[in-house]
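Going down the list, the protein sequences come from chains C and D. Under this note's numbering, think of the first position of the first sequence as 38, with each following residue one higher. Under this note's numbering, think of the first position of the second sequence as 38, with each following residue one higher. Think of the CB as a built atom: it goes at the ideal place given N, C-alpha and C, for glycine as much as any other residue. Working notes, beginning with the structure itself.
There are 2 protein chains.
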Amino acid sequence: MSTAKSVTLGDVASVAGVSLSTASRALNGGGRISEDTRRRVKEASDRLGFQPNALARSFALGRSQTIGVLTQNASGVFTAPVLIGATMELGRMNQALLIRDARFDAATLNENVARLQARRIDGVVLIGDGLNYSLPSVTSLFRVPVAYAFGLTSESDDASFNPDAEMAGRLAATHLLETRRRRIAHITAGLDDPASRGRAHGFGRALAEAGLEQVGGKPLSGGWTFEWGVEATTRLLASGTEVDAIFCGNDQIALGAESAIRAAGLSVPRDVALIGVDNWEGMITSDSARLTTIDPCLQDVGAAAARSLGADEAWSPGAHLVPCRLIVRSTT
Amino acid sequence: MSTAKSVTLGDVASVAGVSLSTASRALNGGGRISEDTRRRVKEASDRLGFQPNALARSFALGRSQTIGVLTQNASGVFTAPVLIGATMELGRMNQALLIRDARFDAATLNENVARLQARRIDGVVLIGDGLNYSLPSVTSLFRVPVAYAFGLTSESDDASFNPDAEMAGRLAATHLLETRRRRIAHITAGLDDPASRGRAHGFGRALAEAGLEQVGGKPLSGGWTFEWGVEATTRLLASGTEVDAIFCGNDQIALGAESAIRAAGLSVPRDVALIGVDNWEGMITSDSARLTTIDPCLQDVGAAAARSLGADEAWSPGAHLVPCRLIVRSTT
């Protein structure tokens with residue numbers, strides 16, 4: 038393999054016994070060349086381990102094979118998997134990634150847009166920090182396609198990629214119904230948050246389709262915390278209302294709910310089944326290893342945004358929802 | 038800013054009232070040009086928002102401004118922060134990243150090395166999965182510098198970047214001594230693992246320098262798990278040996294130790310102080326939010342490897358240890 042360093046098109050031409058221009062046309066597909074010659078050149082190229090100079094080709098095509106990525110918080114707990122998903126997908130597409138991790142204020146953003154333009158990038162991914170994250174629209178600043186991941190802009194024509202929050206609620210409800218739960222409550226964060234609103238909506242709809250209503254008629258809305266899970270569950274159990282399952286807006290709430298259920302002398306999942314949302318890999322090794330949950334597939338969100346910029350796939354405007362996944366463990 | 042799309046060097050030359058070649062030399066620093074002319078061209082360039090074509094410049098220089106990254110498990114709990122750290126640092130260096138996330142078996146590796154060579158990358162980062170991870174040496178396959186992050190190769194001349202495990206142990210010991218603990222035990226994983234061996238070594242040395250010996254004379258060696266933390270601590274407390282602090286090889290062990298200390302009717306940190314290692318961001322929102330710990334600064338490890346490939350900094354061979362950081366919370 039070390040020979041690959043120095044093999045030139047001239048070497049290939051010599052070995053194949055053809056001229057330089059014939060070798061070039063045989064490999065790049067221009068001009069009229071016999072099948073026999075093409076095969077001979079291809080064989081010589083393969084045997085020598087010839088690697089065409091992609092940089093020269095990029096320059097000739099006016100394409101950099103590089104995608105720009107703009108983010109504000111690359112190492113955030115939720116942003117990181119989106120970025121990793123985009124990174125791996127771009128690698129598979131043989132596209133390089135040029136990241137600018139900086140604030141999205143107008144001045145910094147302008148500077149970073151200019152830097153990406155200078156590199157003649159072939160596309161742009163803007164990564165936000167969740168569904169309630171308002172991304173600046175930069176589509177009109179580029180001649181290349183722009184995809185927005187994990188956040189929304191104010192322009193409905195922008196191509197955005199986000200986890201399907203309604204599907205998360207629907208999957209949770211369907212799983213609890215299939216495991217024969219009928220008295221199901223929903224504890225979540227404030228419904229002004231698009232993620233909790235979407236999950237609550239999908240959940241409520243799936244129950245309604247089964248002819249059921251959630252316990253209490255509407256979600257118990259508070260925060261995304263363990264403490265809120267404890268408080269809401271304690272209140273729910275103390276009220277005397279019958280409950281055999283709780284869909285929790287995230288895994289933290291579910292862990293709080295579990296703690297309150299045990300404190301009340303009840304058992305999970307025998308008395309009350311629990312399902313959360315998030316499936317953080319970092320948490321899995323500890324408590325939440327036992328939680329049934331919905332994985333929002335944040336890596337897939339980043340990958341879908343990246344893929345929309347590929348040559349093969351048609352970029353299309355508007356909101357794209359990326360499917361989430363049910364992970365069944367021991368709390369249901 | 039949208040004008041930046043179409044401004045050419047010709048536009049800059051016209052506005053500055055100079056020839057194209059003068060404008061080029063004024064901006065790129067070649068030839069003899071008066072300060073006045075240089076300033077005039079610079080002003081015109083700034084006012085018009087001119088962005089030189091970095092792709093053309095790359096081609097002219099034979100540099101792609103792209104760093105290749107080879108990894109086997111980009112989304113792994115420990116690998117991901119190393120990759121994110123490298124990604125952000127490369128962005129700051131204005132270098133693009135081309136990742137190949139695939140197995141390191143000979144055939145796949147050869148294919149990926151060839152792909153990176155074809156892109157004329159300016160350097161390579163190989164990312165492993167920890168100190169006990171044996172990375173293949175590919176230094177001789179490239180003419181550009183190669184840096185190894187979070188793993189070691191068999192070649193001592195390879196430039197590797199890893200968390201300073203001894204420093205982790207030293208920081209833990211020093212912190213416990215400063216908080217006036219004197220009867221300190223160490224519970225960790227098997228000492229065949231370089232990470233636990235390094236931490237144990239640094240810890241033992243720092244105690245020895247203070248004229249102390251660890252409780253039991255040597256570490257309690259088991260696994261990296263919560264369960265081992267419970268078991269070892271329970272055994273330690275039952276033995277009747279006096280203990281006022283435990284340095285745990287990771288946060289999982291520390292959480293197990295905490296649970297055993299409480300089960301024994303003792304209090305953390307009043308009776309026994311606890312310090313772990315890892316500081317996973319994913320875990321922080323739950324239990325470990327209260328743990329005093331050592332952060333191995335995995336993002337810094339990736340960033341250091343990336344930085345070693347920069348034009349400004351001299352790449353140097355051999356093992357580079359990246360400092361870790363003490364995070365004081367409520368268990369000490």
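Open item on the list: At the level of alpha carbons, what is the spacing between D:Val-55 and D:Glu-72?
Closed with: The sequence position of residue 55 of chain D within the second sequence is 18, counting from 1. The sequence position of residue 72 of chain D within the second sequence is 35, counting from 1. Straight through space, the alpha carbons of D:Glu-72 and D:Val-55 are spaced by roughly 14 angstroms.
Open item on the list: Per DSSP, what are the beta-bridge partners of C:Gly-113 in this structure?
Closed with: Taking the first sequence and counting its residues from 1, the one referred to as residue 113 of chain C is at position 76. Paired residue(s): none; C:Gly-113 is not in a bridge.
Task: beta strand (DSSP E) runs wholly inside the region 166-196 of chain D, at least 3 long, in chain order - done: 183-186
TODO: Could you name the residues of the region 101-114 of chain C whose beta carbon sits closer than 7 angstroms to any beta carbon of chain D, in the order they occur along the chain?
DONE: Ser-101, Thr-103, Ala-111, Ser-112 and Val-114
Task: Nearest neighbour of D:Val-280, chosen from D:Leu-311, D:Ser-296, D:Ile-290 and D:Trp-261 [CA to CA] - done: Stepping through the second sequence from its first residue, residue 280 of chain D is reached at position 243. Checking every option, the nearest Cα to that of D:Val-280 belongs to D:Leu-311.
TODO: With a 10 Å radius around its C-beta and 16 neighbouring C-beta atoms as the bar for buried, classify C:Gly-266 as buried or exposed.
DONE: Translated into positions along the first sequence, residue 266 of chain C becomes position 229. Answer is buried; the Cβ neighbour count reaches 16.
- [ ] Answer with yes or no whether the minimum CB distance from C:Lys-42 to chain D is below 9 angstroms.
- [x] Looking up residue 42 of chain C in the first sequence gives position 5. With a pLDDT of 47 at C:Lys-42, under the threshold of 50, the modelled position of that residue is not reliable, and no figure is offered here.
TODO: Below 8 angstroms on the Cβ atoms is my guess for D:Val-106 versus D:Leu-146; work out the distance and round it to an integer in Å.
DONE: Start at 1 with the first residue of the second sequence, and residue 106 of chain D comes out as number 69. Start at 1 with the first residue of the second sequence, and residue 146 of chain D comes out as number 109. Wrong, their Cβ atoms sit about 13 angstroms apart, outside the cutoff.
Task: C:Ala-226 in three-state terms, based on DSSP - done: Here residue 226 of chain C corresponds to residue number 189 of the first sequence, with the count starting at 1. Correct three-state label for C:Ala-226: strand.
Task: Continuous alpha helix (DSSP H) assignments of at least 4 residues falling wholly in the region 231-265 of chain C - done: With a minimum length of 4 residues, the continuous alpha helix (DSSP H) runs that stay inside the region 231-265 of chain C are 231-246.
TODO: Would you identify the three-state DSSP class for D:Val-162, choosing helix, strand or coil?
DONE: Taking the second sequence and counting its residues from 1, the one referred to as residue 162 of chain D is at position 125. Residue state, collapsed to three classes: strand.
Open item on the list: Please classify D:Pro-354 as buried or exposed, where buried requires at least 16 other C-beta atoms within 10 Å of its C-beta.
Closed with: By one-based count along the second sequence, residue 354 of chain D stands at place 317. D:Pro-354 should be labelled exposed.
Task: Close-in-space but distant-in-sequence residues of the same chain around D:Arg-327 (CB under 7 angstroms, 5 per side omitted) - done: Your numbering for residue 327 of chain D matches position 290 in the second sequence. Taken in chain order, the residues that qualify are Arg-366, Ser-367 and Thr-368.
- [ ] Using the DSSP secondary-structure output, state which residues sit across from D:Arg-199 in a beta bridge.
- [x] Indexing the second sequence from 1 puts residue 199 of chain D at position 162. Sequence check: residue 199 of chain D is Asn here, not Arg. Answer by DSSP bridge pairing, in chain order: D:Leu-358.
TODO: For D:Val-55, name the three-state secondary structure that DSSP assigns.
DONE: As a first step, residue 55 of chain D is located in the second sequence; it is residue number 18 there, counting from the start. Coil.
Open item on the list: Using a Cβ-Cβ cutoff of less than 6 angstroms, which residues in the same chain neighbour C:Gln-132 once the five nearest sequence positions on both sides are dropped?
Closed with: For this step, residue 132 of chain C is matched to residue 95 along the first sequence. Gln-102 and Ile-104.
Open item on the list: Any contact between the region 337-344 of chain D and the region 280-294 of chain D? By contact I mean 3 or more CB pairs, one from each, below 8 angstroms.
Closed with: Contact fails: fewer than three Cβ-Cβ distances are below 8 angstroms.
Task: Whole-angstrom distance between D:Leu-228 and D:His-238, CA atom to CA atom - done: Reading the second sequence from its first residue, position 201 is the one you call residue 238 of chain D. Reading the second sequence from its first residue, position 191 is the one you call residue 228 of chain D. One C-alpha to the other measures close to 10 angstroms.
Open item on the list: With a threshold of 6 angstroms on Cβ separation, who are the neighbours of C:Gly-128 within its own chain once the five nearest residues in sequence on each side are excluded?
Closed with: As a working note, residue 128 of chain C is residue 91 in the first sequence. Excluding residues within five positions, none has a Cβ falling inside 6 angstroms.
Task: Segment contact flag, the region 288-302 of chain D with the region 259-279 of chain D, C-beta cutoff 8 angstroms, min 3 pairs - done: yes
TODO: Give a yes or no on whether the minimum CB-CB distance between D:Asn-199 and chain C is below 9 angstroms.
DONE: Taking the second sequence and counting its residues from 1, the one referred to as residue 199 of chain D is at position 162. No, its Cβ sits nowhere closer than 9 angstroms to a Cβ of chain C.
- [ ] In angstroms with no decimal places, state the Cα-to-Cα distance between C:Leu-273 and C:Asp-230.
- [x] Taking the first residue of the first sequence as 1, we reach residue 273 of chain C at position 236. Taking the first residue of the first sequence as 1, we reach residue 230 of chain C at position 193. Between C:Leu-273 and C:Asp-230, the C-alpha separation is close to 23 angstroms.
- [ ] Grab me the residues of C:Tyr-185's own chain with a C-beta within less than 6 angstroms of its C-beta, minus the 5 sequence neighbours each way, in chain order.
- [x] For the purposes of this step, residue 185 of chain C is taken as residue 148 along the first sequence, with counting starting at 1. Leu-163, Leu-172, Asp-195 and Ser-197, listed in sequence order.
Open item on the list: Just checking: is the beta-carbon of C:Leu-346 within a distance shorter than 9 angstroms of some beta-carbon in chain D?
Closed with: Sequence index remark: in the first sequence, residue 346 of chain C carries index 309 (1-based). No, because no Cβ of chain D sits closer than 9 angstroms to the Cβ of C:Leu-346.
Task: Helix, strand or coil at C:Asp-142 [DSSP, three-state] - done: For the purposes of this step, residue 142 of chain C is taken as residue 105 along the first sequence, with counting starting at 1. The answer is coil: DSSP assigns C:Asp-142 none of H, G, I, E or B.
Open item on the list: In this structure, how does DSSP classify C:Asp-315 when only helix, strand and coil are distinguished?
Closed with: In the first sequence, counting from the first residue as 1, residue 315 of chain C sits at position 278. The three-state reading of DSSP puts C:Asp-315 in coil, since its state is none of H, G, I, E or B.
Open item on the list: In this structure, how does DSSP classify D:Thr-271 when only helix, strand and coil are distinguished?
Closed with: Counted from its first residue, the second sequence places residue 271 of chain D at position 234. Residue state, collapsed to three classes: helix.
Open item on the list: Considering only the alpha carbon of each residue, which of C:Phe-87, C:Arg-62, C:Ala-53 and C:Ser-58 lies closest to C:Arg-77?
Closed with: Position 40 of the first sequence holds residue 77 of chain C. Closest option to C:Arg-77, Cα to Cα, is C:Ala-53.
Open item on the list: Looking at the strands, I want to know which residues DSSP matches up with D:Val-106.
Closed with: Start at 1 with the first residue of the second sequence, and residue 106 of chain D comes out as number 69. DSSP lists D:Ile-136 and D:Val-162 as partners of D:Val-106.
Open item on the list: Using a Cβ-Cβ cutoff of less than 7 angstroms, which residues in the same chain neighbour D:Gly-241 once the five nearest sequence positions on both sides are dropped?
Closed with: Locating residue 241 of chain D in the second sequence gives position 204, where the first residue counts as 1. Answer for D:Gly-241: Gln-251, listed in chain order.
TODO: Could you tell me which of C:Arg-220, C:Ala-144, C:Thr-74 and C:Pro-182 sits nearest to C:Ile-158, measuring between CA atoms?
DONE: Along the first sequence, one-based indexing puts residue 158 of chain C at 121. Comparing Cα-Cα distances from C:Ile-158 to each of C:Arg-220, C:Ala-144, C:Thr-74 and C:Pro-182, the minimum goes to C:Pro-182.
Task: Reduced DSSP secondary structure (H/G/I, E/B, other) of C:Leu-363 - done: Residue numbering aside, residue 363 of chain C sits at position 326 when the first sequence is read from its first letter. Looking at C:Leu-363 - three-state DSSP - the assignment turns out to be strand.
TODO: Could you list the residues in the region 137-159 of chain D with a C-beta less than 8 angstroms from some C-beta on chain C, going in chain order?
DONE: Arg-137, Asp-138, Asn-147, Val-150, Ala-151, Arg-152, Gln-154, Ala-155, Arg-156 and Arg-157
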